[in-house]
Each structure stands twice: as structure tokens, then as C-alpha cells.
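Take a look at the structure below.
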Amino acid sequence: MNIEEIGQEIVEEFSMFDDWMDKYNYLIELGRDLEIIDEKYRDQQHLITGCQSRVWLSAEEKEGRIYFKADSDAVITKGIVNLLIRALSGQTAEDIINDKLDFLEQIGLKDHLSPTRANGLSSMVKQMKLYALAFKAKKG
Amino acid sequence: MNIEEIGQEIVEEFSMFDDWMDKYNYLIELGRDLEIIDEKYRDQQHLITGCQSRVWLSAEEKEGRIYFKADSDAVITKGIVNLLIRALSGQTAEDIINDKLDFLEQIGLKDHLSPTRANGLSSMVKQMKLYALAFKAKKG
Amino acid sequence: MDIQNIRNQFPILSRKVNNKPLIYLDNSATTQKPQSVIDAVSNYYTQINSNVHRGVHQLSQLATDAFEEARKSVQEFINAKEHHEVIITKGTTESINMLAWSFGEAFIKEGDEILVSEMEHHANIVPWQMLCERKKAKLKVIAVDENGVLKMQEFANLLNSNTKIVSIAHISNTLGTINPIKEIIDKAHKLGALVHIDGAQAVAHTALDMQELDVDFYSFSAHKMYGPMGIGIFYGKEQLLNKMPPYQYGGEMIDQVSFTKTTFNELPYKFEAGTPNVGGMLGLQAAIKFLSDIGLDQIKTYEDELLNYATLELQKIEGFRMIGNSPHKASVLSFLLDEIHPFDAGTILDQLGIAVRTGNHCAQPIMDKMGIPGTIRASLAIYNTTEEIDALILGIKKTQQMFL
Amino acid sequence: MDIQNIRNQFPILSRKVNNKPLIYLDNSATTQKPQSVIDAVSNYYTQINSNVHRGVHQLSQLATDAFEEARKSVQEFINAKEHHEVIITKGTTESINMLAWSFGEAFIKEGDEILVSEMEHHANIVPWQMLCERKKAKLKVIAVDENGVLKMQEFANLLNSNTKIVSIAHISNTLGTINPIKEIIDKAHKLGALVHIDGAQAVAHTALDMQELDVDFYSFSAHKMYGPMGIGIFYGKEQLLNKMPPYQYGGEMIDQVSFTKTTFNELPYKFEAGTPNVGGMLGLQAAIKFLSDIGLDQIKTYEDELLNYATLELQKIEGFRMIGNSPHKASVLSFLLDEIHPFDAGTILDQLGIAVRTGNHCAQPIMDKMGIPGTIRASLAIYNTTEEIDALILGIKKTQQMFL
Ligand SMILES: Cc1ncc(COP(=O)(O)O)c(C=O)c1O
Ligand SMILES: Cc1ncc(COP(=O)(O)O)c(C=O)c1O
Numbered sequence: 343m344n345i346e347e348i349g350q351e352i353v354e355e356f357s358m359f360d361d362w363m364d365k366y367n368y369l370i371e372l373g374r375d376l377e378i379i380d381e382k383y384r385d386q387q388h389l390i391t392g393c394q395s396r397v398w399l400s401a402e403e404k405e406g407r408i409y410f411k412a413d414s415d416a417v418i419t420k421g422i423v424n425l426l427i428r429a430l431s432g433q434t435a436e437d438i439i440n441d442k443l444d445f446l447e448q449i450g451l452k453d454h455l456s457p458t459r460a461n462g463l464s465s466m467v468k469q470m471k472l473y474a475l476a477f478k479a480k481k482g
Numbered sequence: 343m344n345i346e347e348i349g350q351e352i353v354e355e356f357s358m359f360d361d362w363m364d365k366y367n368y369l370i371e372l373g374r375d376l377e378i379i380d381e382k383y384r385d386q387q388h389l390i391t392g393c394q395s396r397v398w399l400s401a402e403e404k405e406g407r408i409y410f411k412a413d414s415d416a417v418i419t420k421g422i423v424n425l426l427i428r429a430l431s432g433q434t435a436e437d438i439i440n441d442k443l444d445f446l447e448q449i450g451l452k453d454h455l456s457p458t459r460a461n462g463l464s465s466m467v468k469q470m471k472l473y474a475l476a477f478k479a480k481k482g
Numbered sequence: 572m573d574i575q576n577i578r579n580q581f582p583i584l585s586r587k588v589n590n591k592p593l594i595y596l597d598n599s600a601t602t603q604k605p606q607s608v609i610d611a612v613s614n615y616y617t618q619i620n621s622n623v624h625r626g627v628h629q630l631s632q633l634a635t636d637a638f639e640e641a642r643k644s645v646q647e648f649i650n651a652k653e654h655h656e657v658i659i660t661k662g663t664t665e666s667i668n669m670l671a672w673s674f675g676e677a678f679i680k681e682g683d684e685i686l687v688s689e690m691e692h693h694a695n696i697v698p699w700q701m702l703c704e705r706k707k708a709k710l711k712v713i714a715v716d717e718n719g720v721l722k723m724q725e726f727a728n729l730l731n732s733n734t735k736i737v738s739i740a741h742i743s744n745t746l747g748t749i750n751p752i753k754e755i756i757d758k759a760h761k762l763g764a765l766v767h768i769d770g771a772q773a774v775a776h777t778a779l780d781m782q783e784l785d786v787d788f789y790s791f792s793a794h795k796m797y798g799p800m801g802i803g804i805f806y807g808k809e810q811l812l813n814k815m816p817p818y819q820y821g822g823e824m825i826d827q828v829s830f831t832k833t834t835f836n837e838l839p840y841k842f843e844a845g846t847p848n849v850g851g852m853l854g855l856q857a858a859i860k861f862l863s864d865i866g867l868d869q870i871k872t873y874e875d876e877l878l879n880y881a882t883l884e885l886q887k888i889e890g891f892r893m894i895g896n897s898p899h900k901a902s903v904l905s906f907l908l909d910e911i912h913p914f915d916a917g918t919i920l921d922q923l924g925i926a927v928r929t930g931n932h933c934a935q936p937i938m939d940k941m942g943i944p945g946t947i948r949a950s951l952a953i954y955n956t957t958e959e960i961d962a963l964i965l966g967i968k969k970t971q972q973m974f975l
Numbered sequence: 572m573d574i575q576n577i578r579n580q581f582p583i584l585s586r587k588v589n590n591k592p593l594i595y596l597d598n599s600a601t602t603q604k605p606q607s608v609i610d611a612v613s614n615y616y617t618q619i620n621s622n623v624h625r626g627v628h629q630l631s632q633l634a635t636d637a638f639e640e641a642r643k644s645v646q647e648f649i650n651a652k653e654h655h656e657v658i659i660t661k662g663t664t665e666s667i668n669m670l671a672w673s674f675g676e677a678f679i680k681e682g683d684e685i686l687v688s689e690m691e692h693h694a695n696i697v698p699w700q701m702l703c704e705r706k707k708a709k710l711k712v713i714a715v716d717e718n719g720v721l722k723m724q725e726f727a728n729l730l731n732s733n734t735k736i737v738s739i740a741h742i743s744n745t746l747g748t749i750n751p752i753k754e755i756i757d758k759a760h761k762l763g764a765l766v767h768i769d770g771a772q773a774v775a776h777t778a779l780d781m782q783e784l785d786v787d788f789y790s791f792s793a794h795k796m797y798g799p800m801g802i803g804i805f806y807g808k809e810q811l812l813n814k815m816p817p818y819q820y821g822g823e824m825i826d827q828v829s830f831t832k833t834t835f836n837e838l839p840y841k842f843e844a845g846t847p848n849v850g851g852m853l854g855l856q857a858a859i860k861f862l863s864d865i866g867l868d869q870i871k872t873y874e875d876e877l878l879n880y881a882t883l884e885l886q887k888i889e890g891f892r893m894i895g896n897s898p899h900k901a902s903v904l905s906f907l908l909d910e911i912h913p914f915d916a917g918t919i920l921d922q923l924g925i926a927v928r929t930g931n932h933c934a935q936p937i938m939d940k941m942g943i944p945g946t947i948r949a950s951l952a953i954y955n956t957t958e959e960i961d962a963l964i965l966g967i968k969k970t971q972q973m974f975l
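Chains as they are written, first to last, in my numbering: chain A, 343 to 482; chain B, 343 to 482; chain C, 572 to 975; chain D, 572 to 975.
As C-alpha cells, then:
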């Protein structure tokens with residue numbers, strides 16, 4: 343599936359919740375389910391700085407696709423990280439660079455990605471796109 | 343005449359004017375009539391600082407009474423200086439220290455004595471009272 | 572005290588966030604503003620706006636008189652001896668930076684010592700650190716015990732004839748601790764050290780008396796006492812300020828300028844470079860009137876009751892851990908919930924309309940000392956109610972349910 | 572352009588002073604504020620007031636977003652490349668003090684030279700004087716001719732490889748001279764010197780483009796461009812700002828603090844210590860919208876017409892002497908009347924409801940150079956009219972009658 347299709351899938355999942363509690367409960371669940379990042383990546387180098395909830399991010403490229411792993415010390419942040427990874431991990435550099443992550447707006451989480459949020463997610467997305475740019479540059 | 347009596351006299355003089363133009367014309371006249379200060383007092387030491395229109399002030403004591411001379415580079419300031427000298431010069435230290443210069447309020451010039459005015463008059467009055475205090479201390 | 576009447580004066584308190592009525596418990600960060608403060612600022616711009624000082628025309632006179640009257644309101648409010656001991660800044664942070672720089676230039680030399688405490692806000696740490704670096708002086712740190720109380724014995728041990736200044740928060744923004752500043756001032760003075768008090772968290776909660784305290788310098792921000800942002804006060808004793816060089820240059824602070832020699836104006840202007848924030852200052856004056864009309868003693872009594880109620884009730888919650896348990900505390904409730912990350916808790920409380928602050932509250936050293944990355948902080952103001960505390964408690968329980 | 576419609580937006584313009592309709596000609600000191608600016612400030616306090624940055628709750632998010640949006644409005648308004656090149660200060664004076672200190676720490680050493688001009692405001696002289704004293708650098712002064720025009724040949728002569736920075740007013744607040752800043756910037760850059768422009772008097776009158784100018788630093792105040800007091804901008808090129816140390820310490824400008832090591836946040840926060848003036852910043856944003864809605868080019872055209880009309884008519888008055896006759900001039904009319912002291916003239920004009928400024932306009936060196944103690948200054952804004960110029964002329968004649 344491409345990013346947009348995954349996004350649609352996520353939007354459908356979230357359409358089941360009619361109140362914010364259910365939505366956040368689901369995010370918490372997603373946060374707990376987030377694949378544990380390799381301990382070696384939980385270091386200063388992979389830390390997205392300047393935020394209240396810390397986010398670590400690692401990336402690698404395999405056969406033209408980029409695979410991300412990430413972690414955070416806050417569960418809700420991890421939940422959103424989970425969604426971002428589900429959408430972006432395993433996609434091509436091109437797609438990652440260009441995607442606008444519209445699905446976040448549709449499920450009412452766009453706010454969490456605002457650059458002024460203290461959760462580090464916007465810096466994480468920026469970092470993901472930078473990785474994609476870097477991999478693309480290396481290839482090209 | 344004591345300060346209060348002179349003040350009353352001044353208030354009567356000003357009661358003749360029904361508009362501000364006449365009043366200021368009179369002040370300008372008073373400014374021009376101000377007895378010229380001795381050139382030797384127009385120096386840094388006798389200058390009241392921090393104002394737009396500069397004011398110079400000298401004082402001397404004779405037989406228990408204090409005599410002021412003053413000058414300014416602005417004519418309206420000189421006019422008001424003239425009134426102040428008329429009221430305060432030749433009075434006793436005691437009276438100078440205690441007088442509230444109420445007549446200025448009655449002739450609508452109180453504003454010009456506000457400490458935030460740029461004309462230096464409020465500093466001049468303060469300085470006059472300081473002289474009076476000093477002479478009194480010397481005597482006492 | 573008629574709290575509903577007080578609440579009605581604050582237009583923002585009737586708004587909703589996330590479809591819930593706003594419960595604003597982030598007052599240590601900034602307080603909300605009563606209508607009278609908002610109006611003081613707009614009336615200024617509607618009626619007498621002008622640049623102050625040296626202006627001959629009437630608007631300038633009106634603005635200058637109003638501005639200087641407002642300075643006198645501050646003087647009276649903190650019982651300073653002279654109105655020119657009240658220096659207008661843009662906030663506590665600028666006040667402390669000004670002090671550290673100017674005091675440093677006048678009084679600090681190699682080997683001198685400066686005392687701060689472990690519980691200080693960054694704004695009362697870093698300017699001193701930088702000063703010490705610049706002048707090769709030493710920054711000494713008074714430790715805090717596990718309850719968040721200043722170790723007064725350690726203070727006494729650190730204080731010596733090399734100590735030039737002690738700079739301590741009146742009230743900690745993280746722990747709520749009220750420090751024994753009178754005792755600190757007296758002890759410091761005995762050894763010839765001066766004292767600066769960071770009053771950012773005190774000024775809305777407790778009556779101040781500069782002369783009785785005999786404090787040398789005191790700083791605070793208008794925006795934490797129901798006044799506007801962008802305005803603050805730096806109080807200093809006249810004879811000290813007279814010995815200190817200006818911090819910024821330009822405008823009213825100058826007496827004479829030529830390219831060969833420049834001389835400076837007298838107090839308070841010496842420390843007020845540039846066009847001052849007249850509107851902000853009139854807002855601060857209105858805030859002072861708001862506080863004085865209720866009465867600082869009344870405010871303290873009410874807020875103490877609220878704090879005691881909240882402390883008692885919160886501590887009944889399983890998994891609740893209070894950070895800061897000084898017996899002398901003011902309107903700050905810093906806490907942790909089980910293993911829940913403060914950011915997560917804050918996010919859920921926000922969904923419930925409850926505004927708390929989470930994080931290190933610009934006081935990282937005390938967080939490090941306590942071995943925690945941050946806290947959830949509910950901080951109270953005069954318009955908060957026991958009902959709001961109850962809502963906070965419910966919110967906390969809901970939060971815990973969601974994460975456990 | 573419908574000036575009446577513009578005037579109607581300014582509530583203060585319908586007031587009287589001394590029982591006469593206010594004719595406000597003191598715009599170089601500070602401009603009046605349109606209702607939209609006054610409202611932007613009060614709406615902020617009524618609706619979203621909160622401390623910005625790192626807050627999890629919704630008000631803090633709304634305030635932060637609005638604050639950062641306002642920064643972007645400034646970026647767009649001056650066409651800066653990056654929004655983090657826009658540093659928020661309390662005004663021009665603070666901007667220049669910040670620059671002089673921080674640039675000085677990073678780039679100035681003994682023997683270096685700094686260039687300013689004779690027509691500068693004190694705020695653009697004294698910070699450099701003090702820097703030169705501190706670092707044993709040299710302050711060189713570009714002279715001005717009898718018309719108030721910068722001697723460009725002298726500028727070229729003074730400029731050399733020791734020149735580290737040139738700091739010049741875009742528009743003189745005393746003479747109205749518009750300096751050829753593009754030429755100055757290009758010439759300075761050729762010799763490796765950087766350029767700061769004091770834009771306090773330019774920003775309300777002429778369109779700005781940081782990238783086209785290729786200027787290194789630019790400063791201005793909100794209150795001189797229809798915005799509130801207590802807020803200003805310091806623009807700097809990213810790669811330069813990155814090399815410069817912070818000026819004040821505390822709050823958002825800090826990344827990590829411990830008593831052994833402190834690190835600083837990135838741009839723009841590195842230069843923004845303490846709680847920022849969010850309300851003021853939203854007021855500035857509204858002022859920018861006010862200016863942009865009319866259009867800077869329209870404004871310039873209108874104000875130029877007004878200036879030309881005033882210049883022509885005023886010079887017909889016997890005994891009138893214009894101070895500042897540059898062929899490139901903006902909306903400032905500085906003058907003397909016969910031997911009348913400016914203070915006397917200002918007092919009489921004030922009685923007529925006409926607000927002008929008198930004195931040395933914080934630019935004593937140029938007054939000394941011209942051999943005068945001060946001037947009477949009428950400075951124009953977008954809401955002034957030819958009728959007001961006519962009233963000024965009548966007022967001047969009445970004044971002359973009274974003193975002659
Ligand atoms: C104890 C303390 N000191 C200093 C400050 C800094 O105040 P401001 O940000 O208003 O400059 C604060 C506010 O956060 C504080 O709580
Ligand atoms: C040319 C110039 N520079 C600097 C300033 C200082 O501006 P502010 O007082 O807003 O800091 C002014 C204002 O008087 C000015 O006209």
C-alpha cells in the first residue's frame with residue numbers, strides 16, 4: 343500500500359470513535375504496541391531535541407525503500423509515532439518527501455504535528471523527510 | 343507682602359485675561375521684563391539640568407531673607423520664573439520652604455511645574471527650597 | 572470573598588477549550604487579566620498615547636504623568652522608599668540580566684562568590700553563571716532537601732566574606748516553597764553580602780515591603796500578577812543603583828552625548844533605555860489596583876485555603892506523588908502520577924479543559940536533583956475555586972484509568 | 572486614497588487638546604494606533620492569553636501558534652529569508668544594544684573600526700561607543716553636509732579593511748534624510764564590512780526587502796509603525812546570528828542547564844530570553860496588516876505629496892528656517908522660527924492643539940554640528956492631511972506674532 347492508502351485505512355479506523363476518550367485510548371494502545379526501537383538507537387544522536395517528550399528516530403534503506411524505527415518516552419506521542427511509521431516506513435524516498443500526511447488532519451491529530459507543539463513530532467517528521475532526502479541524494 | 347498676598351495679587355492680575363492668548367502674551371511680557379541675571383551666574387554650576395529650556399538660578403541671604411535671581415533661554419519659562427521670583431524672593435527661609443505655590447494652580451500654570459515637564463521649573467522650585475533649607479540650617 | 576464576582580472580571584474564564592469549560596491552572600506561567608487591566612491598556616491607546624518625557628505637547632504630558640504615576644503605584648505597592656528605585660523592564664528575566672551585568676561590572680572581581688539555590692528558575696541561574704565566567708568569580712549553590720526546603724545550615728556554611736551577592740527565589744515556581752527571605756537577607760547582610768530576590772512567583776500572592784525586608788534588589792513580572800506581558804520591575808536601593816553602570820544605552824537614559832564624551836541621566840532613567848512600554852505600565856498599575864482592592868492578605872488567606880484543600884485531596888489519590896512538600900508553600904502543586912509521563916497526563920487533562928503545565932518548568936537543576944525529568948504542575952490564582960480542584964482530581968483519576 | 576476613512580480607524584484622532592481638535596504631528600516619536608491594533612491586543616487577553624512554548628494545553632498552543640504566525644507576518648513584511656531571522660525585542664534601542672553587545676563579543680577586537688554617522692539617534696551611537704571602549708576599538712563618524720546629507724565621499728574614505736561594521740539610520744529622525752543604504756551596504760560588503768541599518772524611522776514609510784538590500788542587520792520598533800509599545804524587531808542574517816552569543820539568559824533561550832554546563836537553544840529563541848510580549852506581538856501583526864492593506868507604495872506616494880506641500884508652504888514663511896534639506900527626505904520637518912526658542916514655539920502650538928516635538932530629538936551630535944540647541948519638529952504619518960499642514964502654518968504665524 344502507498345502512503346495515501348494507509349492513510350485512508352487509518353482514517354477509517356478512527357472514524358469508529360465518537361469521542362476523544364476512545365480516540366486517545368486507541369492512541370495509547372498504539373503507543374504500547376509500537377515496536378521497540380533497538381536500545382542502541384536510544385542515544386543522543388538519534389534524539390529529536392527541544393521537546394518535552396523525547397523522540398528517538400532511526401532509519402535505514404533497503405532496496406529503494408526507507409524503514410524507520412522510533413520511540414518516545416510519552417505513550418501518546420508513541421501512539422502517533424506508530425501511525426507515522428505505519429504510513430511512512432517502507433515507502434520510497436520520493437513518496438516520503440512529497441507526502442503531506444493529510445490523514446492526520448482528518449483524524450484530528452494535525453495539531454500534534456504543529457511545529458510549536460512540545461511533543462517533538464513535527465521535528466520527527468522533518469527528520470524523516472531529511473533522511474529520505476539524504477538517501478535520495480546518495481542514490482541520485 | 344508675604345507669599346500668599348503676592349500670590350493673591352498675581353491671581354487678580356491673571357483674572358483679567360479671558361483667553362489663553364492674552365495670558366501667554368502676558369507671560370511673554372513678564373519673561374522679557376525679568377531682571378537680567380548676573381552674567382557670572384549663567385554657568386554650569388547654576389544650571390538646572392535635564393530640561394529642554396535651561397534655567398539658571400542664584401540665591402543670596404540678607405538679613406534673614408533670601409533673594410533669588412534666575413534666567414532661562416525660553417521666554418515663557420522666564421515669564422513663569424518671573425512670577426516665582428516675585429512671590430519667593432525676599433521671603434524668609436521658613437516661608438519659602440512651606441509654601442505650596444497655590445496661586446499657580448489658580449492661574450492655570452500648575453502644569454508647568456509638574457516634575458515631568460521639560461521646562462525645568464519644577465527643578466527650579468525644588469532648588470529654591472533647597473537653598474532655603476540650607477540657609478536655615480546654617481542659621482539654626 | 573466573592574470569588575464569582577472576581578471571576579466575572581476575567582473575560583477569558585468563561586471560554587471553553589476542547590468543548591469543556593476552561594479550568595485554568597497554569598497561573599505560575601502567566602495569570603489571566605481582569606477587564607480593568609485590558610481596558611487600561613486600550614484606554615491608553617485610545618486617549619493619551621504619546622511618547623513620554625521631554626515632550627512639550629499635552630498628550631506627551633498626559634502620558635508622562637500617567638507613566639510616572641504608575642511608577643509611584645508600584646513604589647507604594649512594594650513600599651519602596653523612593654519612586655526612582657523602581658526601574659521598569661520587560662520582565663523578571665530582563666531585570667535579573669540587568670542586575671547580573673550591572674552589579675557584576677560594579678562589584679564583582681576574580682575570586683568573588685555568588686550564591687544561588689538549587690531550586691532557581693533558569694533566569695536566576697544562567698545570568699550568574701555567565702557573570703562568573705566573565706569575571707572568574709565562583710557560583711555556589713545552596714542545596715535543597717527532599718521536601719524542597721532550602722538547607723539553611725548549608726546556606727550559613729557557604730556564606731563568607733567573599734560572598735558578594737545572594738540571589739534566591741522568594742517562591743519556587745516548581746516546588747511552591749516559600750523561602751525564608753528575611754532570614755537570608757539578615758544573615759547575608761551580617762557578612763557584608765547583598766541580596767537579590769527573584770519575586771516572579773511571589774508578587775501576586777503575598778504582600779511585599781522592600782523597606783521592612785531591607786532587601787537590596789527585587790525583581791518581578793507584570794504578567795504573573797494579572798498585568799500585561801512585556802513589562803516588569805527591577806527594584807534596587809538607591810545608593811547601590813547609583814554605583815552601578817547603565818545596562819543599555821539610548822534615549823532618556825542619556826544626559827549628554829558627543830562623540831568624545833557621553834554622560835548618563837540620573838535614576839530611574841539611567842536604567843531605562845529606549846521608549847518605555849507606557850501602555851504596559853498602565854496595565855500594571857491597573858493590576859496593582861485589582862490586587863489592592865481585594866487585599867493581598869485576603870488573597871493569601873484564600874489561596875492558602877485552596878492550597879490546603881487541594882493538597883489534602885490530591886494526596887488521597889493512589890499513585891499521586893507531590894514534588895515539593897515544604898511546610899511553607901504557596902499555590903503551586905507539582906506532582907507525578909504513577910509512571911505516567913507528564914506530557915501524557917497534560918494531554919489528557921487538556922482534553923478535559925484543564926490547563927496545567929508539564930515539563931521541567933525552566934528549573935532543570937532541581938529536576939535533575941530530584942531525579943525526575945519533569946512534573947505536572949497545577950498553579951493557583953485568586954480566581955480558582957474548590958470546584959476546579961475537584962475537577963482536577965476527577966481529571967487525574969480519569970487520566971490514571973486511561974494509562975493503567 | 573481615502574484619508575478620512577483611515578483617520579476614522581484611529582480613535583484618538585477625534586479627541587481635543589486644550590479645547591482644540593488634536594493635530595498630531597509627533598509621529599516620529601510614536602504613531603497613534605488604529606482600532607485594529609488596539610483590538611488585537613485586547614482580544615489576545617480576552618481569548619487566548621497564555622505563556623507560549625512548551626505548553627501542552629490548548630491556550631498555550633493557541634498563543635504559541637498566534638505568536639509564531641505573527642513572527643511570520645514580520646518575516647513576510649520585511650522579506651526576510653527565514654522566520655528565525657526575526658528576533659523579537661522590546662524596541663529599536665534594545666535591538667541595537669543586543670547587536671552591539673553580541674556582535675562585539677563575536678567579532679570585535681582591539682583596533683577594529685566601527686562606522687556611524689553624525690546624524691544618528693543616541694540609540695545608534697552610545698551602544699557602539701561603549702563597545703569601542705570595552706574592546707579598544709575605534710568609532711569613526713561619517714560627517715553630514717549643511718543640507719543634512721551624508722558625505723558619501725567621506726564614507727568611502729573612512730571605510731577600510733579594519734572596518735567591521737557600519738551602522739546607519741535608514742531615515743534620520745531629526746533631518747528626515749533618507750540615506751542611500753543600498754549603496755552603503757554594497758560598498759561596505761566590498762571591503763568585508765557588515766552593515767546594520769537603524770530602521771526606526773523607515774518602517775512605517777517605505778517598503779522593506781531584507782534580501783534585496785542584502786543587509787546584515789536591521790532594527791525597528793512597533794510603536795513607530797502603528798503598533799504597540801514594548802515590542803520591536805531585530806533582524807539578522809542566519810549565518811551571522813548563529814555565530815553570535817546570546818545577549819540575555821533565561822527561559823526559552825536555554826536548551827540544557829546544569830551548574831556545570833549550560834547550552835543554548837537555536838534561533839530565534841537563543842536571542843529571546845524570558846516570557847515574550849505575545850500581546851504586543853499580535854498588535855504588531857495587526858499594524859503590519861494595517862500597513863499592507865493600504866500598501867507601502869501608496870503610503871509613500873501620499874506622504875511624499877504631503878511633505879512636498881508642507882515644505883513648499885512652510886518655506887514661504889518669513890523667519891522659517893528648515894533644518895535638513897536633503898533631496899531625499901521622508902515625512903520629517905525640522906525647523907527653527909526666527910530667534911524663538913523651540914520650547915516657546917512648542918508651548919504655543921500646543922495651546923492651538925498642534926502636537927510637535929521640540930528639543931534635540933535624542934540626536935545631540937547633529938544639533939551640535941549645526942550649531943543649534945534643538946529644533947521644532949513636525950513629523951507626518953498616513954493620517955495627516957493638507958488641512959493639518961495649513962493649521963500648522965497658521966499656528967506658526969500666530970506664534971511668531973506673539974514673540975516678535
Ligand atoms: C521564579 C521565576 N523566576 C523568573 C521567571 C522569569 O519570568 P519572565 O519569563 O516573566 O521573565 C519566572 C517565570 O517563569 C519564574 O517563575
Ligand atoms: C532613528 C531612531 N533610532 C532609534 C530610536 C529608538 O527607538 P525606541 O525608543 O523605540 O527604542 C528612534 C526613536 O526615537 C529613532 O528615531
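A virtual CB, placed ideally from N, CA and C, is assigned to each residue, including glycine.
- When DSSP states are grouped into helix, strand and coil, D826 of chain D belongs to the strand group.
- At least one CB atom of chain D sits nearer than 7 Å to the CB of S829 of chain C.
- Just measuring C-alpha positions, the residue of C:M938, C:I943, C:Q935, C:L907 sitting nearest V927 of chain C is C:L907.
- Taking a C-beta distance under 7 Å as the contact criterion, F726 of chain C and I713 of chain C qualify as a contact pair.
- Chain B places a beta carbon closer than 7 Å to that of V627 of chain C, counting this residue as a contact.
- Selection A:K411, A:M358, A:N367, A:L463 evaluated against I378 of chain A yields A:K411 as nearest (Cα-Cα).
- Between the C-alpha atoms of S950 of chain D and D597 of chain D there is a straight-line separation of about 5 Å.
- In the three-state reduction of the DSSP assignment, F410 of chain A falls in the strand class.
- For T918 of chain D, the nearest beta carbon of chain B is closer than 7 Å to its own beta carbon.
- Taking C-beta separations shorter than 6 Å and ignoring five residues to either side along the sequence, the partners of A901 of chain C in its chain run I742, G747, I749, H776, following chain order.
- Residue pairing by DSSP places G803 of chain C opposite C:T660, C:S792 in a beta bridge.
- Two segments are said to touch when three or more pairs of C-beta atoms, one from each, lie closer than 8 Å; by this definition the stretch 922 to 941 of chain C does not touch the stretch 428 to 444 of chain A.
- Put simply, the CB of V715 of chain C is far from chain D, with every gap to its CB atoms at 7 Å or more.
- Within chain D, no C-beta atom comes nearer than 8 Å to that of Q386 of chain B; the closest sits roughly 15 Å away.
- Judged by DSSP secondary structure, R948 of chain D falls within the beta strand (DSSP E) whose first and last residues are 946 to 950.
- Annotation for Q772 of chain C indicates a beta carbon within 6 Å of some heavy atom of ligand 1.
- DSSP, reduced to helix, strand and coil, places Q772 of chain C outside both helices and strands of the structure shown, so it counts as coil.
- Beyond the five residues adjoining it in sequence on each side, E823 of chain C comes within less than 7 Å, by CB distance, of H624, N836, Y840, E843 in the same chain, given in chain order.
- Interface annotation for the stretch 694 to 718 of chain C against chain D: A694, N695, I696, V697, P698, Q700, M701, L710, V712, criterion Cβ-Cβ distance under 8 Å.
- Residues of the stretch 941 to 964 of chain D with a Cβ closer than 9 Å to any Cβ of chain B, in chain order: P944, G945.
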